[in-house]
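Peer 1: Please read through the structure below; I'll follow up with questions.
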Amino acid sequence: MDSATNLFPRRFVFHGNAVAAEVFLTRIGETEQYLVQPVDGQSSLPVIGGHSESTVETPIFHGELAKVFAYRHAHTTADGRLDGKGVAVTKVQASLDDVRVTNRETGAENPIVFTAGALSLSMLSTHPPDQHQPIIMFVDDTPRFHELSFAGLPVKLNLNVDLMQCGRWDDLEKNFRTNRAFFDNCRDSFAQLDPKREPAFGEAIPFVRGAYALCSFVRSIQWGDRTIPGHVLAHPGFGAIYFGEMLLNDRQWRVTMVRMQLGCHNVGQAAFVETDPNGTPWPPPPKSP
7 MDSATNLFPR RFVFHGNAVA AEVFLTRIGE TEQYLVQPVD GQSSLPVIGG
57 HSESTVETPI FHGELAKVFA YRHAHTTADG RLDGKGVAVT KVQASLDDVR
107 VTNRETGAEN PIVFTAGALS LSMLSTHPPD QHQPIIMFVD DTPRFHELSF
157 AGLPVKLNLN VDLMQCGRWD DLEKNFRTNR AFFDNCRDSF AQLDPKREPA
207 FGEAIPFVRG AYALCSFVRS IQWGDRTIPG HVLAHPGFGA IYFGEMLLND
257 RQWRVTMVRM QLGCHNVGQA AFVETDPNGT PWPPPPKSP
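Residue numbers (our numbering): 7 to 295.
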């Protein structure tokens with residue numbers, strides 16, 4: 007090999023993932039067991055980028071899973087490329103139709119049902135070669151929560167648009183610390199590292215370096231004639247439904263539209279429509295002071 011050959015040239019390492027659905031049960035009634043459905047709809051990019059696509063039109067459930075979960079047309083894509091100026095562009099998309107999750111109180115006959123006509127999410131990351139951080143945005147009029155219902159009543163979500171439109175970590179952190187209106191609007195959207203202490207204006211986003219900040223872009227839930235602050239719909243006999251969760255750091259935004267922690271007769275978890283775009287330049291450019 008020529009001694010002048012650069013063994014480790016500068017490049018962009020792509021990272022883009024999308025999942026339409028994953029569900030499993032860990033207990034049915036009094037019986038502990040692990041029943042898992044293989045992920046339906048999953049796309050992932052190799053380090054060089056490219057295109058990944060998956061469609062599962064009619065997922066097949068077996069046994070007890072079929073009594074609890076149903077959905078169709080699980081579709082995902084992940085696309086990564088460098089444009090003519092060396093900007094890394096990563097787009098990830100996930101969608102799912104006709105979601106139905108059923109649970110009930112142990113010993114009760116009447117089921118409690120969550121349904122969604124359609125869930126879809128598309129996110130775009132652009133990462134210029136000289137920038138330490140990407141810009142990550144929601145695109146294509148998503149996230150889309152279509153025809154949600156729970157226990158026979160319609161569910162409407164009030165989204166935090168200010169939070170959703172802030173697509174760069176440093177800008178998000180600066181707004182949280184210095185923009186009073188933004189802080190007041192988004193303070194309760196973030197999980198606190200110390201739940202006994204509310205954040206004060208001027209402090210940084212609750213975040214541990216090397217991990218994530220956890221927040222939700224759902225401000226409140228309208229369930230029938232009841233308004234529930236926050237992003238969690240919990241109900242005895244079913245469990246808890248978490249809407250619009252985001253795991254954030256300076257290079258990665260992982261978004262899950264619907265996550266469930268099932269309790270009572272059926273115990274398990276579900277995640278519907280999740281995306282995780284972007285990647286990392288190597289070596290990373292120096293961070294601006």
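Cβ atoms here follow ideal geometry from the backbone N, Cα and C, with glycine treated the same way. Remember, it's a predicted structure, so these values are computed and weren't measured experimentally.
Give the C-beta separation of VAL145 and SER128 to the nearest angstrom, bearing in mind that I take them to be a contact with Cβ-Cβ under 8 Å.
Peer 2: That pair is a contact at about 5 Å.
Peer 1: When you compare the stretch 13-23 with the stretch 90-110, are there three or more beta-carbon pairs, one atom per stretch, that lie closer than 8 Å?
Peer 2: These segments touch.
Peer 1: Could you spell out where the alpha helix (DSSP H) holding THR286 opens and where it closes?
Peer 2: Premise fails: THR286 lies in the beta strand (DSSP E), 285-288, not in any alpha helix (DSSP H).
Peer 1: Go through the stretch 56-90 residue by residue and report every complete run of the beta strand (DSSP E) that reaches 3 residues or more, in order.
Peer 2: Whole beta strand (DSSP E) segments, 3+ residues: 56-62 and 75-88.
Peer 1: Going by C-alpha to C-alpha distance, which of PRO135, GLN171, LEU154 and GLY173 sits closest to LEU163?
Peer 2: Of the candidates PRO135, GLN171, LEU154 and GLY173, the one whose C-alpha sits nearest the C-alpha of LEU163 is LEU154.
Peer 1: If we ignore side chains and look at the alpha-carbon of each, how far apart do VAL53 and PRO212 end up?
Peer 2: Approximately 31 Å, taken between the alpha carbons.
Peer 1: Measuring straight from C-alpha to C-alpha, what distance separates THR61 and ASP136?
Peer 2: Taking the straight line joining both Cα atoms gives about 36 Å.
Peer 1: Helix, strand or coil for CYS172? Go by DSSP, reduced to three states.
Peer 2: CYS172 falls in the coil class under three-state DSSP.
Peer 1: Among the residues of its own chain, which have a CB less than 8 Å from the CB of LEU88, if the five just before and after it don't count?
Peer 2: Correct list, in chain order: PHE18, GLY55, ALA94 and VAL95.
Peer 1: Using the Cα positions of ALA5 and ASN12, report the straight-line distance between them to the nearest angstrom.
Peer 2: For residue 5 there is no data in the structure shown, the boundaries of the chain being 7 and 295.
Peer 1: Evaluate contact between the stretch 220-233 and the stretch 166-185, counting only Cβ atoms and requiring at least three cross-stretch pairs below 8 Å.
Peer 2: Yes, the stretch 220-233 is in contact with the stretch 166-185.
Peer 1: Pick helix, strand or coil for CYS192, following the three-state DSSP scheme.
Peer 2: DSSP places CYS192 in helix when its eight states are reduced to three.
Peer 1: Measure the beta-carbon distance from ILE247 to PHE120 and round it to whole angstroms, keeping in mind my assumption that it falls under 8 Å.
Peer 2: Yes, ILE247 and PHE120 are in contact; Cβ-Cβ is about 6 Å, under 8 Å.
Peer 1: Going by C-alpha distance, which of ALA157, ALA210 and GLY173 is nearest ASN185?
Peer 2: Ranking the options by Cα distance to ASN185, first place goes to ALA210.
Peer 1: Report yes if the CB atom of ILE227 is closer than 8 Å to the CB atom of VAL161, and no otherwise.
Peer 2: In this structure, VAL161 lies closer than 8 Å to ILE227 by Cβ.
Peer 1: With PRO238 as the anchor, note down where its beta strand (DSSP E) starts and where it stops.
Peer 2: Just to set this straight, residue 238 is Val in the shown sequence, not Pro. Segment 238-241, the beta strand (DSSP E) holding VAL238.
Peer 1: Look at the alpha carbon of ARG265 and the alpha carbon of TRP175, and state the distance between them as a whole number of angstroms.
Peer 2: Going from the Cα of ARG265 to the Cα of TRP175 covers about 24 Å.
Peer 1: Go to ILE54, then tell me how far its beta strand (DSSP E) extends in each direction, as first and last residue.
Peer 2: Run containing ILE54: none; DSSP gives neither H nor E here.
Peer 1: Which residue marks the beginning of the beta strand (DSSP E) containing TYR248, and which one marks its end?
Peer 2: Where TYR248 is concerned, the enclosing beta strand (DSSP E) stretches over 245-254.
Peer 1: If you draw a straight line from the alpha carbon of TYR77 to that of GLY158, how long is it in whole angstroms?
Peer 2: If I take the Cα positions, the gap works out to 18 Å.
Peer 1: Bridge partners for GLU38 per DSSP, in chain order?
Peer 2: GLU38 is bridged to ARG33.
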